[in-house]
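**Q** Following this message is one structure expressed as structure tokens.
Residue numbers (the numbering used here): 2 to 267.
Written as structure tokens, this is what we have:
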């Protein structure tokens, strides 16, 4: 009887282990306006996203999270919602956010004055020096989290900072820039500024060729590429995935996660 129970127990355990198969990281997933989700940061990490975007305003020396000033609350700070949880997760996880040794990107979209915000941000990030990538004696040292400044970017100020811990979110107009890849690691732009297709009907060959040309240009320069304000539709995700867009912008975390995992199995 004991032997039968032991065998049954081992059988159940083996099924549990098989059922606990880990999902691969969603390296293309970019959580747009992540703070609107029920659990900022946590919902994106639960879906294994590797890129997360947060909008901030500098107010009275604090970075408050929100898309518009009317949304700001004193308890919703950049540190509390993002930097502190990421730091804890990295330190608890032996140097990385996920078990897999893969860096993630945190886009900080500055909505207030760019120069004032960066002056404060560079001071703030000193407290997270052990988890964010940055310059050390003129050499870029990679750590668990890459910070990319978007929105109101104090580009010259950031570029001249010898101890910076951030990169700059580039634009299509920055193609051909002589900026280093760690200073400008990605090219981002509004989808509708370059394409007419919104996910209905056929994505024209002309626009497909244009998209692939942009991707090839970015990759040739050693940068990633993403587009914001893309429709959250499977038809759009499919074209972006097929073309090789590095980060797919979404407000629908689970929808994109399920789509990519299913699509990649085909």
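Beta carbons are placed, not taken as given, at the ideal position from N, Cα and C, and that holds for glycine.
Please check the pair residue 82 and residue 122, which I expect to be a contact at CB under 8 Å, by giving their CB distance rounded to whole angstroms.
**A** Not quite, the Cβ-Cβ distance comes to about 15 Å (not below 8 Å), so this is no contact.
**Q** Can you name the start and end residues of the alpha helix (DSSP H) that residue 255 belongs to?
**A** 254-265
**Q** Starting from the Cα of residue 63, find the closest Cα among 24, 125, 72, 94 and give me that residue.
**A** Measuring from the Cα of residue 63, the nearest candidate turns out to be 125.
**Q** Is residue 29 closer than 9 Å to residue 167 when the C-beta atoms are compared?
**A** no
**Q** By a C-beta neighbour count over all protein chains shown, 10 Å radius and 16 as the cutoff for buried, is residue 160 buried or exposed?
**A** exposed
**Q** Which of helix, strand or coil does DSSP assign to residue 1?
**A** Nothing in the structure corresponds to residue 1, since the chain is present only between 2 and 267.
**Q** Any idea which residues DSSP pairs residue 31 with across the strands?
**A** 52, 250
**Q** Which runs of the alpha helix (DSSP H) at least 4 residues long sit entirely within the region 156-206? Give them in chain order.
**A** 156-160
**Q** Quick one: give me the first and last residue of the beta strand (DSSP E) that residue 144 is part of.
**A** Residue 144 -> no beta strand (DSSP E), and no H or E assigned at all.
**Q** Just to check my reading of the structure: residue 146 and residue 132 have Cβ atoms closer than 8 Å, yes? What is that Cβ distance to the nearest angstrom?
**A** 5 Å
**Q** By Cβ distance below 7 Å, which residues in the same chain neighbour residue 185 in space, the five residues on each side in sequence not counted?
**A** 168, 169, 171, 175, 178, 224
**Q** In the DSSP output, what is residue 63 paired with across the bridge?
**A** 60
**Q** How is the alpha helix (DSSP H) around residue 243 delimited, first residue to last?
**A** 235-244
**Q** Identify, in the order they occur along the chain, each residue of the same chain with its Cβ nearer than 7 Å to the Cβ of residue 248, setting aside the five sequence neighbours on each side.
**A** 29, 31, 52, 225, 227
**Q** Straight-line CA distance for residue 109 to residue 33?
**A** 11 Å
**Q** Taking only three categories from DSSP, how would you classify residue 69?
**A** coil
**Q** Please classify residue 77: does DSSP put it in a helix, a strand, or coil?
**A** In the structure shown, the three-state DSSP call for residue 77 is coil.
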